[in-house]
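Engineer:
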Amino acid sequence: MPALTTTSDGFLLHGEPFRIISGAMHYFRVHPGQWADRLRKARLMGLNTVETYVPWNLHQPDPDGPFVLDGILDLPHYLTLARAEGLHVLLRPGPFICAEWDGGGLPAWLTADPDIRLRSADPRFTDAVDRYLDLLLPPLLPHMAASGGPVIAVQVENEQGAYGEDTAYLKHLHHSLRSRDVEELLFTCDQPADLAAGSLPGTLATATFGSKVDQNLGLLRAHQPEGPLMCAEFWIGWFDHWGEGHHVRDAADAAADLDRLLSAGASVNIYMFHGGTNFGFTNGANHDHAYAPITTSYDYDAALTESGDPGPKYHAFREVIARHAPVPDEPGPAPSPKLPPTVVELGRQAALLPLAARTAKPVHAESPLTMEELGQRSGYTLYRTTVPTAGDGLLHFTGGVGDRAQVFLDGAPVGVLERERHDETLPVRVPRPGTTLDVLVENMGGANYGPRIGEPKGLLGPVTFNGEALRGWDCHPLPLTDIDDLPFETTTVVGPAFHHGSFEVAEPADTFLSLPGWTKGQAWINGFHLGRYWNRGPQRTLYVPAPVLRPGVNDLLLLELHASTSTRAQLTDTPDLGPVQR
Ligand code: GLA
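Residue numbers (UniProt numbering): 1 to 582.
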């Protein structure tokens with residue numbers, strides 16, 4: 001018997017009436033050194049539960065390799081900390097998680113198969129899912145409520161109704177969980193209009209929405225005449241795309257809707273309580289009419305800011321929750337200390353293209369291979385060939401680029417092609433026969449919603465110059481996972497380059513990396529990959545969690561893809577997520 005059961009209009013936990021007041025916080029978007037702090041703040045706001053997805057792509061980066069459960073992926077430890085804080089957990093293991101996460105959490109090695117029918121009962125997909133669950137679930141079983149752990153409910157898939165009606169697939173997942181000893185309550189979640197397509201008879205249906213509370217609860221009730229009403233994702237903010245404004249939602253407006261939900265007797269999971277950060281190469285993308293990658297920050301205008309400080313919603317939500325349930329009679333959390341503003345001089349450089357061509361072992365092919373064909377999951381690929389004829393003409397990338405290509409002739413930049421703008425053609429002047437053509441392609445994040453999940457990255461077809469296909473390519477994968485021993489110089493280099501500087505810290509504290517004058521690239525501190533920066537915005541600072549820093553000397557490394565008007569970076573005490581989207 002699961003710990004959490006349902007009645008005609010509510011939940012029972014261990015037989016006692018219970019209302020889920022939950023907040024979303026993804027362990028994989030928060031430095032593990034800060035999990036305990038954020039969980040305590042969740043309890044202090046009045047939450048009795050936290051919710052997290054599980055990103056399959058990070059836990060199982062290789063189909064046959066080890067299953068990763070350490071560092072920021074140590075989910076068992078996260079669950080232990082949640083329990084220690086007295087919080088219950090809603091677990092959403094996917095396999096698809098959406099979540100503005102690279103590929104919606106589906107591993108690139110799986111989606112690389114062009115014939116596989118993702119998120120369906122296709123055995124090529126369900127066999128892989130079952131292997132994932134074989135690896136994921138045994139270490140989690142001690143954390144299930146049945147064994148005295150915090151996990152009281154487990155979600156089956158994620159908004160499947162928006163993707164395609166496939167009851168056989170949902171049934172398969174249900175069985176896969178049950179047959180691997182998951183006894184807890186299972187539920188599906190869907191946007192109200194998709195409830196019929198995404199529900200599994202006999203499994204609790206929940207809804208996802210951010211407003212029109214009465215109307216949406218009405219739709220859920222009409223679909224499911226009996227059982228608890230639950231908003232499994234109550235959207236109180238939103239995410240950002242590069243090149244747009246920063247999304248915010250008024251705290252009083254969100255709090256009023258939370259009050260409506262709780263007054264209606266519904267259970268809720270606030271999405272997000274704490275959004276965190278898309279560190280490294282983990283962000284996803286939307287791809288509807290145009291490709292739109294998600295920013296590094298996943299602040300989400302949530303109750304806790306990206307750096308874990310209580311924002312206006314934190315206080316407003318606590319007040320609302322206190323009207324409906326007891327909240328801890330303890331002082332609320334204060335903002336964390338910040339590092340004093342610091343300037344970092346980036347005095348050493350290493351040019352990327354020669355380094356990549358020398359050190360990243362190429363795969364030779366007649367036509368360019370995609371990143372998937374190269375077995376690459378994320379990062380950059382450098383493609384190199386020669387152009388046999390000289391003169392003015394058009395370089396045409398017949399399949400387009402995934403997702404952004406910088407083009408060089410004999411090392412000189414001649415243009416950029418962006419999937420966001422549907423670019424495929426570049427006018428160029430080839431100075432001499434045998435000119436070296438370099439194309440540096442960035443994977444900006446895999447689509448996480450809709451039918452384009454798993455679309456390939458890199459160069460997506462043959463490249464022609466004035467209609468003639470260019471042949472004989474060296475494809476150099478650059479996942480940038482091994483950047484410890486770069487051959488730095490102190491002379492100025494031109495073009496894509498690593499830039500290094502060091503700075504002193506007396507006492508580690510949160511800080512924000514600001515890069516005025518820099519264009520686009522990646523940033524690491526002490527080897528921790530903070531993520532992408534881009535002067536296109538909206539975000540202008542990158543969050544640096546305190547546990548990344550150490551007392552004494554710290555290292556800042558940038559990969560700048562274009563150029564900088566400055567040789568300095570700044571660590572500031574205030575985040576700048578950019579102008580607000582109107
Ligand atoms: C949907 C998905 C979530 C997330 C939100 C938007 O509801 O289920 O994973 O993508 O949208 O933030």
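Quick reminder that beta carbons are idealized off the backbone N, C-alpha and C, glycines included.
Quick one: does the C-beta of PHE234 sit closer than 7 Å to a heavy atom of the ligand GLA?
Structural biologist: For the ligand GLA, not one heavy atom lies less than 7 Å from the Cβ of PHE234.
Engineer: Hey, would you say the C-beta of PHE187 is under 7 Å away from at least one heavy atom of the ligand GLA?
Structural biologist: No.
Engineer: Would HIS31 be called buried (16 or more neighbouring beta carbons within 10 Å of its own) or exposed?
Structural biologist: Classification for HIS31: buried.
Engineer: Need the endpoints of the alpha helix (DSSP H) that HIS315 sits in, please.
Structural biologist: Unbroken alpha helix (DSSP H) run through HIS315: 312-324.
Engineer: Taking 7 Å as the cut-off, is the CB of ASN158 close to at least one heavy atom of the ligand GLA?
Structural biologist: Yes.
Engineer: Looking at ARG124: is its Cβ nearer than 8 Å to the Cβ of ASP134?
Structural biologist: No, the pair does not count as a contact, with Cβ atoms beyond the cut-off.
Engineer: Figure out for me which residue from GLU373, VAL505, GLY347 and ASP474 has the closest Cα to the Cα of GLU489.
Structural biologist: Nearest C-alpha to GLU489: GLY347.
Engineer: Checking 8 Å against the spacing of the C-beta atoms, do ALA523 and LEU549 come in under that value?
Structural biologist: Contact flag unset, no.
Engineer: I want to check one thing, is the minimum distance from the CB of PHE488 to the heavy atoms of the ligand GLA below 7 Å?
Structural biologist: Checking every heavy atom of the ligand GLA against the Cβ of PHE488, none is found closer than 7 Å.
Engineer: Starting from GLY198, trace the alpha helix (DSSP H) both ways and give me its first and last residue.
Structural biologist: Here the alpha helix (DSSP H) through GLY198 covers 195-198.
Engineer: In whole angstroms, what is the alpha-carbon distance linking SER199 and ALA325?
Structural biologist: One C-alpha to the other measures close to 30 Å.
Engineer: Could you give the distance in angstroms between the alpha-carbon of ARG471 and the alpha-carbon of THR385?
Structural biologist: Looking at the two C-alpha atoms, the distance is approximately 7 Å.
Engineer: Counting beta carbon pairs with one atom in the region 340-356 and one in the region 276-284, are three or more of them shorter than 8 Å?
Structural biologist: In short, these stretches do not touch, since the Cβ pair count stays below three.
Engineer: Taking just the CA atoms, how far does VAL439 sit from PHE498?
Structural biologist: If you take the alpha carbons of PHE498 and VAL439, they lie about 18 Å apart.
Engineer: Per the contact definition of three or more C-beta pairs closer than 8 Å, is the region 425-441 in contact with the region 306-317?
Structural biologist: No: the two stretches stay apart, fewer than three of their Cβ pairs being nearer than 8 Å.
Engineer: Where DSSP assigns a beta bridge to VAL154, which residues make up the other side?
Structural biologist: Its beta-bridge partners are LEU91 and LEU186.
Engineer: From ASP259 to LEU561, what does the alpha carbon distance come to, in whole angstroms?
Structural biologist: So the two alpha carbons sit approximately 47 Å from each other.
Engineer: Output needed for LEU478: all residues of its chain with C-beta closer than 7 Å, excluding positions within five of it in sequence on either side, in chain order.
Structural biologist: The residues are ALA356, ALA360, GLY379, TYR380, THR381 and LEU382.
Engineer: Determine contact between the region 509-528 and the region 569-576, defined as no fewer than three beta-carbon pairs at a distance below 8 Å.
Structural biologist: Judged by Cβ distances under 8 Å, the region 509-528 makes contact with the region 569-576, as three or more pairs qualify.
Engineer: What are the start and end residues of the alpha helix (DSSP H) that includes LEU129?
Structural biologist: For clarity, residue 129 is Val in the given sequence; the question names Leu instead. Its alpha helix (DSSP H) spans residues 123-140.
Engineer: If we count the other Cβ atoms within 10 Å of its Cβ and call it buried at 16 or more, is THR296 buried or exposed?
Structural biologist: So THR296 ends up on the buried side.
Engineer: Measure the Cβ-Cβ separation of GLY495 and ALA350 and say whether it is below 8 Å.
Structural biologist: Cβ atoms of GLY495 and ALA350: not closer than 8 Å.
Engineer: Ignore the nearest five residues each way along the sequence and tell me which others in LEU91's own chain have a CB closer than 6 Å to its CB.
Structural biologist: Excluding sequence neighbours, LEU91 sits near VAL151 and VAL154.
Engineer: With H, G and I counted as helix, E and B as strand and the rest as coil, what does DSSP make of GLU366?
Structural biologist: DSSP places GLU366 in coil when its eight states are reduced to three.
Engineer: Around the C-beta of PRO451, are 16 or more other C-beta atoms found within 10 angstroms, so that it is buried, or is it exposed?
Structural biologist: Exposed is the call here.
Engineer: Quick check on the DSSP output: the alpha helix (DSSP H) that includes TRP109 runs from which residue to which?
Structural biologist: Where TRP109 is concerned, the enclosing alpha helix (DSSP H) stretches over 108-111.
Engineer: For the ligand GLA, is there any heavy atom lying closer than 7 Å to the beta carbon of CYS231?
Structural biologist: Not so, every heavy atom of the ligand GLA lies at least 7 Å from the Cβ.
Engineer: Mapping the DSSP letters down to three states, classify ILE483 as helix, strand or coil.
Structural biologist: The answer is coil: DSSP assigns ILE483 none of H, G, I, E or B.
Engineer: Ignore the nearest five residues each way along the sequence and tell me which others in SER263's own chain have a CB closer than 8 Å to its CB.
Structural biologist: Hits under 8 Å: HIS324.
Engineer: Should LYS212 be labelled buried (16 or more other beta-carbon atoms within 10 Å of its own) or exposed?
Structural biologist: With fewer than 16 Cβ atoms within 10 Å of its Cβ, LYS212 is classed as exposed.
Engineer: Quick check on the burial criterion: 16 or more other C-beta atoms within 10 angstroms. Buried or exposed for residue 589?
Structural biologist: Any property of residue 589 remains undetermined from this structure, which presents the chain solely from 1 to 582.
Engineer: Would you tell me roughly how many angstroms separate the C-alpha atoms of residue 589 and VAL89, rounded to the nearest one?
Structural biologist: Outside the displayed span of the chain (1 to 582) sits residue 589, for which this structure offers no information.
Engineer: Answer yes if the region 415-422 comes into contact with the region 399-406, meaning at least three C-beta pairs across the two stretches below 8 Å, and no otherwise.
Structural biologist: Yes: at least three Cβ pairs fall under 8 Å.
Engineer: State whether the region 99-116 contacts the region 52-62, with contact taken as three or more CB pairs (one from each stretch) at a distance under 8 Å.
Structural biologist: Segments in contact, yes.
Engineer: Which of the three DSSP states is assigned to GLN215 in this structure?
Structural biologist: Here GLN215 sits in helix by DSSP.
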